[in-house]
Amino acid sequence: MMQDSNISLLLSFLQGCNSLRKLQRIHAQVIINGYQHHSAISNKLLNFCAISISGSLRYSQLLFNQIDKPQTSTWNSMIRGYSQSTSPLEAIFYYNKMMLVGQSRPDNFTFSFLLKACDKAKAYTKCREAHGSIIRIGYARDVVVCTNLVRSYVGNGSIEAAQRIFDGMPVRDLVSWNSMISCYSQAGLHDEALKIYSRMRSSNVGMDEFTLVSLLSSCAHVGALSFGVQMHRFADENGFMDNVFVGNALIDMYAKCGNLDRARRVFDKMRKRDVFTWNSMIVGFGVHGRGDESISFFRQMLIAGIQPNSVTFLGLLCGCSHQGLTEEGVEYFHTMRSKFNLKPGIKHYGCLVDLFGRAGKLEKALEMIGSSPSMDDPVLWRTLLSACKIHRNVEIGEVAMRNLLRIEALNAGDCVLLAGIYAEARDRQGVARMRKLIRSEGIKTTPGWSWIEIDDRVHRFVVGDRLHLDSEEIYTKLKEIIHRVILIGYVEQESLVPVPESADELLENPGLYHSEKLAIAFGLARTPEGSILRIVKNLRVCRDCHSFTKFISKAFDRKIIVRDRVRFHHFKDGLCSCKDYW
DNA sequence: CTAGGGTTAG
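Per our numbering, the very first residue in the first sequence carries number 21; after that it's consecutive.
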């Protein structure tokens with residue numbers, strides 16, 4: 021009697037326990053009363069130590085060692101604890117030990133925790149082994165286990181296996197669908213993520229905040245504005261707008277789709293704002309080249325008492341770089357350390373290389389690489405090479421190229437860039453050398469493309485595209501456009517050495533129409549007068565297309581928003597928001 | 001009360 025009430029008292033103490041110190045006192049009581057072998061008590065203790073934030077895995081390890089015949093649930097606690105710790109490999113060791121001892125069988129919980137550990141520890145082989153055991157022991161129909169399998173395979177880079185398991189699941193609930201979508205989204209397979217959504221709709225599991233957040237992230241990445249707007253409406257209608265994740269994802273989506281006003285409106289309405297909220301705005305302004313507004317939001321963020329992090333500074337520095345705020349950018353770079361105790365990472369150095377590079381201070385940019393943590397980072401050299409393209413600097417461009425070769429990071433895009441620099445310097449032999457280099461080294465090429473969204477449909481174009489169904493119409497329209505912009509001063513650059521946009525163009529089809537021109541022509545032909553054209557492309561805008569687009573915005577009185585690989589260009593009345601500084 | 005899902009950068 022006495023004993024039972026003591027036990028329940030100890031258990032209730034454990035329930036309310038919120039620190040390791042208290043826990044140790046309770047443990048001492050357990051030992052004093054001779055209850056250390058009472059399984060309810062020791063399991064509870066161990067479970068608490070393993071899972072709770074205030075607990076300690078080391079402590080639960082000690083407790084574990086004192087239990088002579090651990091039950092499945094006890095093993096599970098250890099595996100679970102380590103699976104969410106910083107040493108997920110330990111979880112796998114515990115599972116191995118459990119199998120080796122062989123006294124207790126793994127259950128559906130064991131596999132859920134183990135799979136999570138395989139994901140975190142990037143243990144592909146173990147993941148496959150677990151998959152086999154799951155089938156053998158008979159948990160292959162368990163919806164939670166399968167969902168974990170899907171995540172674990174994706175985390176280990178095997179999207180195909182994940183997709184097969186997902187498709188083979190006898191039952192899929194809302195969480196399973198959300199997992200599949202977020203996995204695609206996080207793996208960068210945004211088209212797949214958006215495609216899954218339509219299948220999900222027909223399976224009648226509904227949608228919640230989690231679904232929205234992943235889908236919005238994918239919209240942001242591919243620039244699918246009208247789909248994003250649909251999601252916004254859905255969030256409004258279902259009362260999801262109070263969720264800070266949803267608000268953040270919406271801000272980011274609007275910013276990345278070129279609509280900063282609507283991003284701002286969502287921001288203003290949010291009741292709770294966290295560091296993601298502020299960062300999304302700061303990064304948004306940054307990639308649109310509105311550095312002064314990035315700075316303004318940064319200041320307000322500090323006043324609101326939100327601590328900036330390294331992403332905040334990436335947005336801020338990007339804004340400074342694209343608006344030519346060189347001194348401010350350098351200043352903020354230094355305050356990272358001095359005021360905010362943040363160590364600038366390689367990407368922050370990249371921003372500074374870009375900042376100096378764009379401003380034409382190529383020597384400074386080169387110095388910056390020298391003072392960075394790594395002279396072997398391809399991104400830094402590539403950034404310098406892009407700057408050399410802007411400022412038509414052959415010498416430093418060649419330095420960047422030699423370094424890319426040295427660190428064996430050279431890709432086709434780099435060759436195309438340098439070829440462009442040579443072309444603008446009228447150095448045909450240089451262009452030819454780049455062409456040869458790509459061929460001889462067998463360097464993989466990225467085809468350039470542009471797309472435009474018209475009536476909720478995406479139309480995608482490549483250089484010299486003849487595959488589009490409306491090819492005739494597009495080329496006729498393009499001829500007409502060229503005629504009209506020449507009348508107001510556009511000079512076609514075809515008479516010069518063609519500046520290649522993509523490797524394909526450099527290798528085989530010089531002088532063809534860039535994908536961007538085709539997308540714009542199609543947009544002009546198919547949308548009502550006065551409406552905004554939104555173009556998304558995977559490469560940078562070339563000088564000729566940039567000039568061409570400026571003239572179109574004037575000749576046709578259209579606002580045109582182009583999102584290229586790194587930033588936005590807003591064309592209006594013959595001018596671009598980047599002030600020709602990109 | 002032993003399980004699985006979310007945002008910025010890259």
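Glycine included, each C-beta is placed from N, C-alpha and C at the ideal position.
- Between the stretch 538-546 and the stretch 241-251 there are fewer than three inter-stretch CB-CB distances shorter than 8 Å, so the stretches are not counted as touching.
- Minimum Cα-Cα distance from GLY462 among the listed residues ILE474, ASP490, SER394, ALA429 corresponds to ALA429.
- The beta-carbon separation of SER392 and LEU400, rounded to 6 Å, stays under the 8 Å limit for a contact.
- In the assembly as shown, ASP475 is an exposed residue. Its beta-carbon has fewer than 16 other beta-carbons within 10 Å.
- Judged by DSSP secondary structure, GLU212 falls within the alpha helix (DSSP H) whose first and last residues are 210-222.
- Scanning ASP193, GLU229, VAL249 for the CA closest to the CA of SER222 turns up ASP193.
- In this structure ILE581 does not touch ILE540 by the C-beta definition: roughly 11 Å separates them, more than the 8 Å allowed.
- From the listed residues ALA160, SER172, ASP396, the smallest Cα separation to GLY188 is found for ALA160.
- Per the C-alpha coordinates, the member of MET261, VAL482, TYR533 positioned closest to LYS499 is TYR533.
- By the criterion of a C-beta distance shorter than 7 Å, HIS252 is surrounded in its chain by LEU270, once the five residues flanking it on both sides are discounted.
- Contact between ILE458 and LEU527 holds: CB atoms are separated by about 6 Å, below the 8 Å threshold.
- Taking 4 residues as the minimum length, the alpha helix (DSSP H) runs contained wholly in the stretch 52-128 are 59-71, 77-86, 92-103, 108-121, in order along the chain.
- The C-alpha of GLY122 is placed about 51 Å away from the C-alpha of LYS464.
- Positions of the beta strand (DSSP E) runs, each at least 3 residues long and wholly inside the stretch 560-593, are given as 580-583, 588-592 in order along the chain.
- DSSP places HIS488 in no alpha helix (DSSP H); its state is neither H nor E.
- The shortest CA-to-CA distance from ILE87 to any of CYS277, ASN67, GLN327 is the one to ASN67.
- At a Cβ-Cβ threshold of 7 Å, SER314 and GLY335 count as neighbours.
- When C-beta atoms of the stretch 306-313 are compared with those of the stretch 326-345, three or more pairs fall below 8 Å, so the two segments count as touching.
- Looking at the backbone, the Cα of ALA181 and that of ARG156 are separated by about 18 Å.
- The C-alpha of THR106 is placed about 43 Å away from the C-alpha of ILE555.
- Counting of Cβ neighbours within 10 angstroms places GLN91 among the exposed residues, the total staying below 16.
- Contact between LYS557 and SER535 holds, since their C-beta atoms are separated by about 7 Å, short of 8 Å.
- Here TYR79 has CYS69 as same chain residues with Cβ atoms under 6 Å from its own Cβ, once five neighbours each way along the sequence are excluded.
- Secondary structure of CYS277 (DSSP, three-state): coil.
- The count of Cβ pairs closer than 8 Å, one atom from the stretch 585-593 and one from the stretch 484-504, stays below three, leaving the stretches out of contact.
- Between the beta-carbon of TYR510 and that of PHE571 there is about 4 Å, and that keeps the pair under the 8 Å contact cut.
- The C-alpha of THR167 lies about 43 Å from the C-alpha of CYS435.
- Just so you know, the alpha carbons of ILE302 and PHE318 end up roughly 7 Å apart.
- When the Cα atoms are used, SER199 and GLY177 turn out to be separated by approximately 15 Å.
- Rounded to the nearest angstrom, the Cβ distance from HIS342 to GLY311 is 6 Å, consistent with a contact under 8 Å.
- DSSP, reduced to helix, strand and coil, places PHE481 within a strand of the structure shown.
- TRP298 places its beta carbon less than 7 Å from that of MET321.
- For ASP294, the CB contacts under 8 Å within the same chain, skipping 5 residues up- and downstream, are VAL264, ASN268, ILE326 in chain order.
- In summary, THR145 is exposed, with fewer than 16 beta-carbon neighbours lying within 10 Å of its beta-carbon over all protein chains present.
- Taken atom to atom, the span from the alpha-carbon of VAL505 to that of PHE568 is near 8 Å.
- Burial is judged here by how many other beta carbons sit within 10 angstroms of a residue's own beta carbon; SER218 has fewer than 16 and is exposed.
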